[in-house]
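Inspection log for the structure reproduced underneath, given as structure tokens.
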Amino acid sequence: MKGQRERVASNFHEFRMEGIAPGTLYRSSHPITDASTEDAREIAEAAVKARIAAVLNLCDTKTYLTKIVKIAPWYHRLFKANTVIALDMGFDFLSTRFCTKLRRGIQFMLTHDGPYLLHCHAGIDRTGFVCAVLGALMGAKLSDIVNDYIASYNDKSLIDEYPEFTGFILEDFRKLNGGEEITDANLQGVAEDFLEHKVKLTREEIAELKEKLTEKQHG
């Protein structure tokens, strides 16, 4: 079933959704804040195995990333090859600042081959939202998007203690849809409308993004 995948404790996993070619899009928590940790080692091993070729870092500035990137050799190699973009995105997904940075990130994807890794700090909120939009654009089912978002918390006890977590991504999509209900029937259209009118991608760029995500990436 789409949306199910092998997981590691670091929250690194393939974003495996309907319409997205296998081996194309991955997500994780921050790979290099402390490369001595078990989580960072797991991400490094998984990233190399997945042949990650381009990284969208949603949380750091380039200045900060430059200071820490040498901690993780695999990430540093990509950084030196100019296949990492540092976007320093916030949490207001409808803000002009967020949407402008998301446009830069997607345009980066259009000019670089995958496989792609998207990450922020915890690998949940910003990463979860951007992946959800990409999944919706490609025709994923709402239940698969929600299940992937929930699983990214990486600790079932958190969901048991805070069941409201399961509604976060649904509420984000309702906001994109002007507060109206989200269903499988309108999900893709809402994502396309967001990318065209808020993120301000051209229709040609959106079409090219779809092509990128349906092509098998070789790294």
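No gaps in the numbering here: position 162 of the sequence shown is 163 in the numbering used here, and each next residue is one more.
Every residue gets a Cβ at the ideal spot worked out from N, C-alpha and C, and that includes glycine.
Quick one: using the 10 Å Cβ neighbour count with 16 as the cut-off for buried, is Lys-213 buried or exposed? buried
Pair every Cβ in the region 20 to 34 with every Cβ in the region 65 to 79, then say whether three or more of these pairs are closer than 8 Å. yes
With a cut-off of 8 Å on the beta carbons, I'd call Val-200 and Arg-127 a contact; round off their distance for me. With 8 Å as the limit, Val-200 and Arg-127 do not qualify as a contact, their Cβ atoms being about 14 Å apart.
Considering only residues of the region 29 to 106, which uninterrupted beta strand (DSSP E) runs meet the minimum length of 3 residues and lie entirely inside it, listed in chain order? 55 to 58 and 85 to 87
Count the other CB atoms within 10 Å of the CB of Arg-28; is the residue buried (16 or more) or exposed (fewer)? buried
If we call anything under 8 Å between Cβ atoms a contact, is Ala-55 one with Thr-84? yes
Beta-carbon proximity check, Leu-59 vs Met-18, cutoff 8 Å: no
Which of the three DSSP states is assigned to His-113 in this structure? coil
Outcome for Pro-23 when other beta-carbon atoms lying within 10 angstroms are tallied against a minimum of 16: exposed
Paired residues, beta bridge with Tyr-27 - DSSP: Glu-15 and Leu-118
So, at 7 Å on beta carbons, what are the nonlocal neighbours of Gly-129 in its own chain, with the 5 sequence-adjacent residues on each side left out? Tyr-150, Ser-153 and Ile-170
How is the alpha helix (DSSP H) around Lys-176 delimited, first residue to last? 169 to 177
Cβ neighbours of Leu-196 in the same chain (closer than 6 Å, five flanking residues each side left out): Leu-202 and Ile-207
Cβ-Cβ distance between Leu-143 and Asp-185 below 8 Å: yes
Just to confirm, are Gly-20 and Gly-140 a CB contact at a threshold of 8 Å? yes
Compute the distance between the beta-carbons of Gly-136 and Phe-13, then report whether it is under 8 Å. no
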